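Down below is the structure, laid out as structure tokens.
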Amino acid sequence: MSIAQTHKEIEQTLGLVPEWIKQMPEGGAEGFWATSRDFWLAETAIPNKYKELVGLAVSGATRCHYCALFHTEAARMFGATDEEIAEASMMGALTMMGSTFINAQQIDHEQFKQETRDIIEYVKAHATKPAEQSKTEARLQ
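Using the numbering used here, the first residue of the sequence shown is number 45, and each one after it goes up by one.
Following this line, the structure appears as structure tokens:
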């Protein structure tokens, strides 16, 4: 697909071609759009609302205010509530906090893997029936 065809398809899908995509070199724009169209915008195994919430968490972690704005608005478009948006933002922050500490401390990866598996097994073994589970236990399963 040529750059002109790519821009035409983007405009038909989004209503306009954003300036930042117009500035992408030929080859870059086509590849970016193909992935966007076939994965990000398409119906996939992960519902679009959740893909946008993941995008928002990553945006916070990478500190991209462009992406944070885009993924917040797209998540809302797909039905995300303010509470879900805040939770996704917090999950990104929590992941970055843990990651920063674990990497700076140079925690042994094999030990980390084993401890993670042990934690999951313990939580599974001590979980009660779904109707009786706490929110935390339900989320860990």
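The beta-carbon is built from N, C-alpha and C at its ideal position, and this holds for glycine as well.
Predicted model only: the values in this text are computed from it and were never measured.
Cutoff 8 Å; reference residue i; Cβ partners in own chain excluding five residues on either side
i           : result
residue 68  : 76
residue 57  : 81 and 85
residue 161 : none
Boundaries (first-last residue) of the alpha helix (DSSP H) holding residue i
i           : result
residue 107 : Premise fails: residue 107 is in no alpha helix (DSSP H) and is neither H nor E.
residue 141 : 126–149
residue 172 : Neither: residue 172 is in no alpha helix (DSSP H) and is coded neither H nor E.
residue 49  : 47–58
residue 74  : 72–79
residue 65  : 63–66
Cβ neighbours of residue i in the same chain (closer than 7 Å, five flanking residues each side left out)
i           : result
residue 124 : 93, 96 and 97
residue 118 : 96
residue 70  : 47
residue 45  : 74
Neighbourhood of residue i by C-beta, 6 Å cutoff - its chain only, sequence neighbours within 5 removed
i           : result
residue 115 : 96, 99, 100 and 103
residue 140 : 105
residue 132 : 97, 100 and 101
Whether residue i touches residue j by CB criterion (7 Å)
i           : j           : result
residue 136 : residue 105 : yes
Report yes or no: do three or more beta-carbon pairs, one from the stretch 74–89 and one from the stretch 51–64, lie closer than 8 Å? yes
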